[in-house]
Amino acid sequence: DASIDFVLALRASGEDQGVLVRGQTWDGRGDLRPIFEGFGEFDSLWIMPDPELLTENRLRALARACDSRKRPLFVPLPPLARHGAAAVGVAYAEMGRAAAQAARSLLAGGAPAAVVYADRSTVVVNHGAAVRFGLVAPAAGSGETLPQQGLSAPAASQR
Numbered sequence: 004d005a006s007i008d009f010v011l012a013l014r015a016s017g018e019d020q021g022v023l024v025r026g027q028t029w030d031g032r033g034d035l036r037p038i039f040e041g042f043g044e045f046d047s048l049w050i051m052p053d054p055e056l057l058t059e060n061r062l063r064a065l066a067r068a069c070d071s072r073k074r075p076l077f078v079p080l081p082p083l084a085r086h087g088a089a090a091v092g093v094a095y096a097e098m099g100r101a102a103a104q105a106a107r108s109l110l111a112g113g114a115p116a117a118v119v120y121a122d123r124s125t126v127v128v129n130h131g132a133a134v135r136f137g138l139v140a141p142a143a144g145s146g147e148t149l150p151q152q153g154l155s156a157p158a159a160s161q162r
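Just remember that the numbering used here sits 3 ahead of the position in the sequence shown, which is counted from 1.
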């Protein structure tokens, strides 16, 4: 399953950065609260770009649950930033550039890339939520295409 592979890749990437990534599956039915409560203690929540999960009511419920725990919610699409602290979304021009580079390399006799990633993403910050959670946003303005980087937060012991 591609979503499981994605979570495993995120987990491996997180380990490289000293971040614990836990994945939780949901069948699209029933209440999200038991799943959310199963997370236990966490520093932030990021929602995968899953159309079953990204409904207005579910996003509001997740945002309320994160707010009650004083934890930021990160959403996968810039228009959804109003529900969370920040959104990191696709920078389509950057994705096209990366795909073109991979194609040129392949046509020149290079090995095909297993996965092609853009070097930049679009980051949109909900500044009110960022301030509420003590997050420090990247230097560029909201909605700009930025190099891959994240928001930084104070350590749990500093909250």
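Backbone N, C-alpha and C define an ideal beta-carbon position, used for all residues, glycine too.
Predicted, not measured: the structure shown is a model, and the values here were computed from it.
Residue i in three-state terms, based on DSSP
i      : result
Arg123 : strand
Phe136 : coil
Val78  : strand
Leu83  : helix
Leu13  : helix
Leu48  : strand
Gly113 : coil
Opposing strand residues paired with residue i [DSSP bridges]
i      : result
Val128 : Ala89
CB of residue i within 8 Å of CB of residue j, strictly
i      : j      : result
Ala89  : Asn129 : yes
Leu76  : Ala66  : yes
Val126 : Val91  : yes
Ser71  : Ala94  : no
Asp46  : Arg74  : yes
Arg14  : Val24  : yes
Ala116 : Ala132 : no
Nearest to residue i (by Cα), restricted to the options the options
i     : options                        : result
Gly99 : Arg85, Asp122, Arg74 and Ala64 : Asp122
Ala64 : Leu35, Gly43 and Pro81         : Leu35
Trp49 : Cys69, Glu97 and Glu40         : Cys69
Gln20 : Ala12, Gly26 and Gln27         : Ala12
Host alpha helix (DSSP H) of residue i (start-end)
i     : result
Asp70 : Glu59 to Ser71
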